[in-house]
Amino acid sequence: MTHLLKHLTRLKNIHQNFDGCKISNIIFRQTLQMSSEVEKAKKANQTKQNETIFDKIIAKQIPADIIFEDEKCLAFNDVNPQAPTHFLVIPKKRIPKLDDSGDSDRDLLGHLLLTAKTLAKKKLPCGYRLVINNGPDGCQSVYHLHIHILGGRQMHWPPG
């Protein structure tokens, strides 16, 4: 167990012993989840993934709940949703992270954003959030460029 998790466990016990506050338990769970995502992102960056889970989804080697597909991209529901509606739009061309894109990717990047907008407007008429995680500090855990589209509830600011 990392030092952070030990510290958070102590904090949880202090809060529970103090007033049993439900909010402190929610914050604790969210912090643990965030800590887990950070650890996954750091590990993914260290391993320099060759074939990713997204490559396997594109190749139809593993199942996904695909909601859209064309010659340039694929959209599917996230297996670990962070909002009532949470799906991803990914390019079929492998670009590990946004920082790795170049001038030759302009049309593809525009296509990804327009696809995300079109799908989001249909599913989330009251609004939505687009997220691109980039690199370990950006909490990127799969090194294949992807856009998260989240909605179905009021989003909060700041996000992270």
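To convert, note that position 68 of the sequence shown is 68 in the UniProt record's numbering; the numbers rise steadily by one, no gaps.
Glycine included, each C-beta is placed from N, C-alpha and C at the ideal position.
Cβ-based neighbour list, residue i, same chain, cut-off 6 angstroms, excluding 5 preceding and 5 following
{"i": "K123", "result": "T85"}
Residues near residue i in its chain [Cβ-Cβ closer than 8 angstroms; skip 5 each side]
{"i": "D78", "result": "H86, F87, L88, H148"}
Alpha-carbon to alpha-carbon, residue j and residue i
{"i": "G151", "j": "A120", "result": "8 angstroms"}
{"i": "A83", "j": "Q154", "result": "10 angstroms"}
{"i": "L114", "j": "P125", "result": "15 angstroms"}
{"i": "P63", "j": "Y143", "result": "19 angstroms"}
{"i": "V38", "j": "T118", "result": "30 angstroms"}
{"i": "F76", "j": "I58", "result": "10 angstroms"}
As assigned by DSSP and simplified to three states, the class of residue i
{"i": "E69", "result": "strand"}
{"i": "A116", "result": "helix"}
{"i": "V79", "result": "coil"}
{"i": "G151", "result": "strand"}
{"i": "V131", "result": "strand"}
{"i": "H146", "result": "coil"}
Cutoff 7 angstroms; reference residue i; Cβ partners in own chain excluding five residues on either side
{"i": "residue 177", "result": "Outside the displayed span of the chain (1 to 160) sits residue 177, for which this structure offers no information."}
{"i": "residue 162", "result": "Lying outside 1 to 160, the shown extent of the chain, residue 162 is not represented and no answer is given."}
{"i": "L108", "result": "K72, P91, K93"}
Residues that residue i bridges to, as DSSP identifies them
{"i": "I53", "result": "According to DSSP, I53 bridges with nothing at all."}
{"i": "P91", "result": "C73"}
Interface flag, residue i vs chain B, CB-CB below 8 angstroms
{"i": "P84", "result": "The structure shown contains no chain B; it holds only a single protein chain."}
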